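Read left to right, the sequence shown gives residues 1 to 237 (the UniProt record's numbering).
Built from N, CA and C at the ideal position, the CB exists for glycine as well.
All values reported here derive from a predicted model rather than from experimental measurement.
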Amino acid sequence: MAARDLQERIKKLIIDRRLASGAPLPTEPELMEYLGASRNSVREALKALQAMGIVEIRHGFGTYVGPMSLAPMIEGLAFRTVAGHYRGEDSLLQLLELREAVETGLVSRLAGRIPEADLVELNALVDRMEEEAAQGAGLAETDRAFHATLYRGLDNVLLCEVLEAFWDAFHRVRTDLGGEPQDPKVTCRQHREILDAVRSGDAMRAEEAIREHFGNIRARLSTTAPQGPHTRHNERV
């Protein structure tokens, strides 16, 4: 039996038995009998599924349903982006534009619909960004929290995970911004504008605010040539 067929049958077993993350799979001998396959074939199929995050092999304990996270996607996306970047391709720009397209398409749905508790939290995050900017501290984690909180109201776990994956992949491999890092005061102003727009219910203004937020970094990436793989900057968007 082909390795791919074994993988698909194990995946079907997980689905058919409605096994949740962390649930134990049948033992190796049981899988061999169920699949009609050799020990080595079963082990190879499980190793491949583990690389995808579908199963988790705990040596000495057994095999369990994996976390089914987007970690493999992030790894692949990050590697593809950095490899293309050092070949002189616009892979960083392409990834940024993908994230921009997703966020621009979503923010209009949020205008006027964000729960008051989330608006209070978003306002506190922008206040914190302004304090960090005044102190000369990095804005990265607060920036990330702002975006996560902004889209939380859509109540779509998969969507939030995809946005996190785009964020992780981009910021793990972005090395070239061109010119000086964006003024943190400008970053704060852009986030304040996004917040004001979604609070007011003005969908068009919210879209424009998101586009401005990505505009400067996109323009710099468009004119930047790849540098050495050890070059690093600290700006986040």
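Residue i to residue j span [Cα, whole Å]
i, j, result
"ILE54", "LEU6", "13 Å"
"ASP90", "ILE10", "38 Å"
"MET32", "GLU44", "12 Å"
"THR27", "LEU70", "26 Å"
"ALA197", "GLY84", "36 Å"
"ILE15", "HIS59", "23 Å"
"GLY105", "GLY136", "32 Å"
"LEU49", "ARG99", "28 Å"
"LEU159", "GLU30", "36 Å"
"ALA37", "ALA2", "10 Å"
"residue 259", "MET68", "For residue 259 there is no data in the structure shown, the boundaries of the chain being 1 and 237."
"ASN40", "SER21", "25 Å"
Contacts around residue i, its chain only, beta-carbon distance under 6 Å, and the 5 residues preceding and following it disregarded
i, result
"ILE194", "ALA209"
"LEU19", "VAL65"
"ARG128", "THR142"
"ARG192", "VAL126"
Range covered by the alpha helix (DSSP H) that runs through residue i
i, result
"GLY105", "91-110"
"ARG58", "Looking at the DSSP string, ARG58 is not in any alpha helix (DSSP H); the run it does join, the beta strand (DSSP E), is 55-58."
"LEU122", "116-135"
"GLN182", "No alpha helix (DSSP H) contains GLN182, which DSSP labels as neither H nor E."
Cut-off 7 Å between Cβ atoms - residues of its own chain near residue i, not counting five sequence neighbours on either side
i, result
"ALA23", "TYR64, VAL65"
"ALA169", "ILE74, LEU77, ALA78, THR81, LEU95"
"ASP118", "THR149, ARG152, GLY153"
Residues near residue i by beta carbon distance below 8 Å, same chain, minus five either side
i, result
"VAL102", "VAL162, LEU163, PHE166"
"PRO72", "ALA51, MET52, GLY53"
"ARG236", "Summary for ARG236: the model assigns pLDDT 47, below 50, so the residue's position carries little reliability; its value from the coordinates is reported in the next sentence. The residues are GLY138, LEU139, ALA140, ASP143, ARG144, HIS171."
"ALA206", "VAL107, SER108, LEU110, ALA111, ILE194, ALA197, VAL198"
Any non-hydrogen atom of the ligand NAP within 6 Å of residue i CB
i, result
"ASP16", "The ligand NAP is not among the ligands present in this structure, which contains no ligands whatsoever."
Nearest-angstrom Cβ-Cβ length linking residue i and residue j, presumed shorter than 8 Å
i, j, result
"ALA111", "ASP183", "With a Cβ gap of about 27 Å, ALA111 and ASP183 do not count as contacting."
Enclosing beta strand (DSSP E) for residue i [first to last residue]
i, result
"GLY62", "62-65"
7 Å Cβ cutoff, residue i in contact with chain D
i, result
"TYR86", "The structure shown has no chain D; it contains just one protein chain."
Any contact of the region 62-82 with the region 121-140, i.e. 3+ C-beta pairs under 8 Å? no
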